[in-house]
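Participant: Residue numbers (my numbering), protein chains in the order written: chain A, 1 to 260; chain B, 1001 to 1261. Just so it is clear, CB atoms sit at the ideal spot from N, CA and C, and this is done for glycine as well. Here it is, the structure, as structure tokens.
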Amino acid sequence: MRALLSAKGFGQRAIAESLVLLALAAWWWSSTHMATAVLPPPQAVFNRLLDIATNPSLSWHVLITSLRVLTSVVLALALGFLLALLAHAVPWLSGVIMDRVLVVLNGMPSVGWAILAVIWFKVSDFTVVFVQVMILLPFSLTNFAEGLRNLDREIIEMAESFARYRAATLTKVVIPMLMPYGIAALRVSYGVCWKIALISELFGAQSGLGYLMLQAQSIGDVTTVIATCVAIVILFTLGEACIINPIARTARKDIARAEA
Amino acid sequence: MRAALLPRDESLRKSVATQAFTVALLLAWEVASWCFPPFLLPGPYEVGRSLWSLLTTPAGLFQAAASVFHVGTALAIAFVVGTAVALLPFYVKGLRLAIDGRLTPFLNSFPGIGWTLLAILWLGLGLRTVIFAVAIILVPFMIINIREGVRTVDADLIEMVVSFGANRWREFIHIVLPALFPFMFSAIRVSFGVAWKVALTAELFGGTRGLGYTMNVARQELETPQIYAVIVLIVVIVFLGNRFVFDPMQRRLQVGSRSPV
């Protein structure tokens, strides 16, 4: 049975990887029939990626963008948690937060934030982080609010009646119960943040991959435009494997220990 | 617990606080607009006037209608493409990893602005660029939601139908499609909000008409009230769509799926 399963997995893998290769081949083949200014060949984009990764004056942009993304995700999670907690703990504020603040944040277009932030704060690192936090906030707020809504009242009451300190209830019961929602908030915010990282840097920054891409686009350098997009895909995937997944795994262990 | 003891009092306080917050915010906005120059922060009255002229003049309505057209067309294309891709592994089992592990994550992490700028370089400014950019950004949202549904379609049920001799087409119409309805609904619901927001970006960079185009013109002419008016309009459209179209539909869908077979 196990051998059969792994054979099936192998088949899936073979098909998946050969389709990826086929897509690359199709890209290469089409690029030979088109001008480089329309569709550069994959090896040109690959070379530009290597350049971005190894040339310090270019990799600096990568570092800046990554730092902004990580800062924004942390801030958005903290702010979203605080707002959700406020809505949960102060019943009369829940309408203000969930029916007003959240509705506006949900409907706000990201490019609207990007333009307004530049009008308000000019071009700076703060502007970029502000735009990213504002775009991420509805996602983290929704997830934490959902978690607080699903908190099991009875378990908390039981814990309170057994525990000597309120703090113990919080760290041993409430936080582990919220953990899955926190992880979901982290995952969603992290993914969205990479996608909107470029747009938040288009107007409000003089550095970062978004700035690099806009410069390239204005001179019709398609190779760099595609390379920055692929760089985003790679950075997102790397960060998910090296930062987000380990955090999720540790959290899952913590929850299991708290339940034991 | 407090809410259970004092439900009426509590909910009254909540709605008073909510409405008071709205009024307070508008007042604060008005007062703040006195302290800053109008190109930085125009007051609610000026923004309201700009919004009104957007919705009552033929030129403004034309731009709004263009955006409706962009969003509608892109939603339709993304829905058809997304459904087709999501159903592929259901009929060709070998493609599961290729779609769930390669294509969807790639589309899902590819930045939207990247598609927009590439579309401009490939297709030039105009209708095709906007629709292409919005549609391809929506496709992963459609795939992810509908894939979730395809996974839950009961495999045993289908085997039974097949063994009774129903053909593939009837199986699709009578079993697969109804089982997918709730997931298709949430796919469209999520995409609706995203579509309006990314259409603004696509029109701003690559459009020759639409609300995003209007906003770009306003940005170049420092017509700040118009920028605010377009943003307010988008927030209102997304809110109204959710409140008066998707929320009631969701309630009906839930009632429908709860009824015993």
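1) Could you check whether the Cβ of residue 92 (chain A) sits closer than 8 angstroms to any Cβ belonging to chain B?
2) Can you list, in chain order, the residues of its chain whose CB lies under 8 angstroms from that of residue 86 (chain A), leaving out five sequence neighbours each side?
3) Of all the alpha helix (DSSP H) runs that stay within the bounds of the stretch 164-239 of chain A, which reach a length of 4 or more residues?
4) Please name the residues in the stretch 112-144 of chain A whose beta-carbon is closer than 8 angstroms to at least one beta-carbon of chain E, in chain order.
5) If I measure Cβ to Cβ from residue 1225 (chain B) and keep anything under 6 angstroms in the same chain, skipping five residues before and after, which residues do I get?
6) Do you know how far the Cα of residue 36 (chain A) is from the Cα of residue 83 (chain A)?
7) Flag residue 204 (chain A) as yes if its beta-carbon sits less than 8 angstroms from any beta-carbon of chain B, otherwise no.
8) Could you spell out where the alpha helix (DSSP H) holding residue 1105 (chain B) opens and where it closes?
9) For residue 77 (chain A), I'd like the list of residues in its chain whose CB is within less than 7 angstroms of its CB, leaving aside the five on either flank, ordered along the chain.
10) Measuring CB to CB, does residue 228 (chain A) end up less than 8 angstroms from residue 212 (chain A)?
11) Would you call the stretch 1195-1214 of chain B and the stretch 1102-1120 of chain B in contact, with 3 or more CB pairs under 8 angstroms?
12) So residue 1130 (chain B) and residue 1210 (chain B) are supposed to be a Cβ contact under 8 angstroms. How far apart are they, rounded?
13) Does DSSP put residue 1210 (chain B) in a helix, in a strand, or in coil?
14) So residue 51 (chain A) is in the alpha helix (DSSP H); what residue range does that whole segment cover?
15) Please classify residue 1257 (chain B): does DSSP put it in a helix, a strand, or coil?
16) So, is residue 158 (chain A) buried or exposed, given that buried needs 16 or more other C-beta atoms within 10 angstroms?
17) Nearest chain B C-beta to residue 108 (chain A) closer than 8 angstroms, yes or no?
18) Using a 10 Å radius around the Cβ and a threshold of 16 neighbouring Cβ atoms, would you call residue 1152 (chain B) buried or exposed?
19) Only counting the same chain, and skipping five residues up and downstream in sequence, which positions put a Cβ closer than 8 angstroms to that of residue 133 (chain A)?
20) Under the assumption that residue 1149 (chain B) contacts residue 1180 (chain B) (Cβ atoms under 8 angstroms), give the Cβ distance between them as a whole number of angstroms.
21) Taking the alpha helix (DSSP H) that residue 1140 (chain B) belongs to, which residues open and close that run?
22) Give me the chain B residues within the contact set of residue 261 (chain A), using Cβ-Cβ distance strictly less than 7 angstroms, ordered along the chain.
23) Going by the CB atoms, is the gap between residue 1137 (chain B) and residue 285 (chain A) shorter than 8 angstroms?
24) Below 8 angstroms between beta carbons: does that hold for residue 1183 (chain B) and residue 1143 (chain B)?
25) Using a C-beta cutoff of 8 angstroms, does residue 237 (chain A) count as contacting chain B?
26) CB-CB under 8 angstroms to residue 1096 (chain B), same chain, minus the five flanking residues each way: which ones, in chain order?
27) Are any of the Cβ atoms in chain A nearer than 8 angstroms to that of residue 1102 (chain B)?
28) Just to make sure I have the definition right: I need the residues of chain B whose C-beta is within less than 9 angstroms of the C-beta of residue 51 (chain A). Which are they?
29) Please tell me whether residue 137 (chain A) and residue 105 (chain A) are closer than 8 angstroms, where the distance is taken between their beta carbons.
30) Decide yes or no for the touch test of the stretch 51-68 of chain A against the stretch 201-218 of chain A: beta carbon pairs closer than 8 angstroms, at least 3 of them.
31) Under the criterion of a Cβ to heavy atom distance below 7 angstroms, does residue 1177 (chain B) qualify as lining the ligand MN?
32) Can a CB atom of chain A be found closer than 8 angstroms to the CB of residue 1141 (chain B)?
33) Skipping 5 residues on each side, what residues in its chain have a beta carbon closer than 8 angstroms to that of residue 45 (chain A)?
34) Could you compute how far the alpha carbon of residue 181 (chain A) sits from the alpha carbon of residue 254 (chain A)?
35) Report the neighbours of residue 1231 (chain B) on chain A: residues whose CB is nearer than 8 angstroms to its CB, in chain order.
36) Using only alpha-carbon positions, find the residue among B:1185, B:1067, B:1015 that is nearest to residue 1207 (chain B).
Facilitator: With the given structure in hand:
1) Taking the first residue of the first sequence as position 1, residue 92 (chain A) is located at position 92. Closer than 8 angstroms to some Cβ of chain B, the Cβ of residue 92 (chain A) qualifies, so yes.
2) Sequence index remark: in the first sequence, residue 86 (chain A) carries index 86 (1-based). Cβ within range, chain order: 93, 97.
3) Taking 4 residues as the minimum length, the alpha helix (DSSP H) runs contained wholly in the stretch 164-239 of chain A are 166-169, 175-204, 209-218, 222-239, in order along the chain.
4) Given the protein chain composition of this structure (A and B), no chain E is represented.
5) The residue you call residue 1225 (chain B) lines up with position 225 of the second sequence. Cβ within range, chain order: 1042, 1046, 1047, 1050.
6) Locating residue 83 (chain A) in the first sequence gives position 83, where the first residue counts as 1. Locating residue 36 (chain A) in the first sequence gives position 36, where the first residue counts as 1. The straight-line gap from Cα to Cα measures roughly 50 angstroms.
7) What you label residue 204 (chain A) is simply residue 204 of the first sequence in a count that begins at 1. Judged by the 8 angstroms Cβ criterion, residue 204 (chain A) is not in contact with chain B.
8) Sequence index remark: in the second sequence, residue 1105 (chain B) carries index 105 (1-based). Secondary structure note for residue 1105 (chain B): its alpha helix (DSSP H) is the uninterrupted segment 1104-1109.
9) Mapped onto the first sequence, residue 77 (chain A) falls at position 77. Cβ within range, chain order: 140, 185, 186, 189.
10) In the first sequence, the residue the question calls residue 228 (chain A) occupies position 228. In the first sequence, the residue the question calls residue 212 (chain A) occupies position 212. Result yes, Cβ atoms of residue 228 (chain A) and residue 212 (chain A) sit closer than 8 angstroms.
11) These segments touch.
12) Taking the first residue of the second sequence as 1, we reach residue 1130 (chain B) at position 130. Taking the first residue of the second sequence as 1, we reach residue 1210 (chain B) at position 210. Approximately 7 angstroms separates the beta-carbon atoms of residue 1130 (chain B) and residue 1210 (chain B); this is inside 8 angstroms, confirming the contact.
13) Position 210 of the second sequence, counted from the first residue, corresponds to residue 1210 (chain B). In the structure shown, residue 1210 (chain B) sits in coil (DSSP, three-state: anything other than H, G, I, E or B).
14) Walking along the first sequence from the start, residue 51 (chain A) turns up at place 51. Counting along the chain, the alpha helix (DSSP H) containing residue 51 (chain A) begins and ends at 42-54.
15) Looking up residue 1257 (chain B) in the second sequence gives position 257. The pLDDT assigned to residue 1257 (chain B) is 45, lower than 50, so where the model puts this residue is not dependable; a value taken from the coordinates is nonetheless given after this. Helix.
16) Residue numbering aside, residue 158 (chain A) sits at position 158 when the first sequence is read from its first letter. Residue 158 (chain A) should be labelled exposed.
17) On the first sequence, position 108 is the one that residue 108 (chain A) refers to. For residue 108 (chain A), the answer is yes, since a Cβ of chain B falls inside 8 angstroms of its Cβ.
18) In the second sequence, counting from the first residue as 1, residue 1152 (chain B) sits at position 152. The C-beta of residue 1152 (chain B) has fewer than 16 other C-beta atoms within 10 Å across all chains shown, which makes the residue exposed.
19) As a position in the first sequence, residue 133 (chain A) is number 133, starting the count at 1. Contacts found: 72, 75, 76, 79.
20) Here residue 1149 (chain B) is taken as the residue at index 149 of the second sequence, counted from 1. Here residue 1180 (chain B) is taken as the residue at index 180 of the second sequence, counted from 1. By a beta-carbon distance limit of 8 angstroms, residue 1149 (chain B) contacts residue 1180 (chain B). Their separation comes to about 4 angstroms.
21) Counting from one through the second sequence, the residue named residue 1140 (chain B) turns up at place 140. Residue 1140 (chain B): member of the alpha helix (DSSP H) spanning 1127-1152, first to last residue.
22) Coverage of chain A is limited to positions 1 through 260, which leaves residue 261 (chain A) absent and any answer about it impossible.
23) Summary: the structure shown does not reach residue 285 (chain A), with chain A confined to residues 1 through 260, and so no result is reported for it.
24) Here residue 1183 (chain B) refers to the residue found at position 183 when the second sequence is read from its first residue. Here residue 1143 (chain B) refers to the residue found at position 143 when the second sequence is read from its first residue. In this structure, residue 1143 (chain B) does not lie closer than 8 angstroms to residue 1183 (chain B) by Cβ.
25) Counting from one through the first sequence, the residue named residue 237 (chain A) turns up at place 237. Taking 8 angstroms as the CB threshold, residue 237 (chain A) lines the interface with chain B.
26) Along the second sequence, one-based indexing puts residue 1096 (chain B) at 96. Here residue 1096 (chain B) has 1089 as same chain residues with Cβ atoms under 8 angstroms from its own Cβ, once five neighbours each way along the sequence are excluded.
27) In the second sequence, the residue the question calls residue 1102 (chain B) occupies position 102. At least one beta carbon of chain A lies nearer than 8 angstroms to the beta carbon of residue 1102 (chain B).
28) In the first sequence, the residue the question calls residue 51 (chain A) occupies position 51. Under the 9 angstroms cutoff, chain B gives no residues; its nearest Cβ is about 18 angstroms from residue 51 (chain A).
29) As a first step, residue 137 (chain A) is located in the first sequence; it is residue number 137 there, counting from the start. As a first step, residue 105 (chain A) is located in the first sequence; it is residue number 105 there, counting from the start. Yes.
30) Taking a cut-off of 8 angstroms on C-beta distances, the stretch 51-68 of chain A touches the stretch 201-218 of chain A, as three or more cross pairs fall below it.
31) Although the ligand MN was asked about, the structure shown includes no ligands whatsoever.
32) In the second sequence, counting from the first residue as 1, residue 1141 (chain B) sits at position 141. The beta-carbon of residue 1141 (chain B) is placed no less than 8 angstroms from the nearest beta-carbon of chain A.
33) The residue labelled residue 45 (chain A) in the question sits at position 45 within the first sequence. These residues qualify, in order along the chain: 223, 226, 227, 230.
34) As a working note, residue 181 (chain A) is residue 181 in the first sequence. As a working note, residue 254 (chain A) is residue 254 in the first sequence. CA-CA distance, residue 181 (chain A) to residue 254 (chain A), rounds to 14 angstroms.
35) Walking along the second sequence from the start, residue 1231 (chain B) turns up at place 231. Neighbours of residue 1231 (chain B) on chain A, chain order: 108, 109, 112, 116.
36) One-based indexing of the second sequence puts residue 1207 (chain B) at position 207. A check of alpha carbon separations from residue 1207 (chain B) across B:1185, B:1067, B:1015 identifies B:1067 as the nearest.
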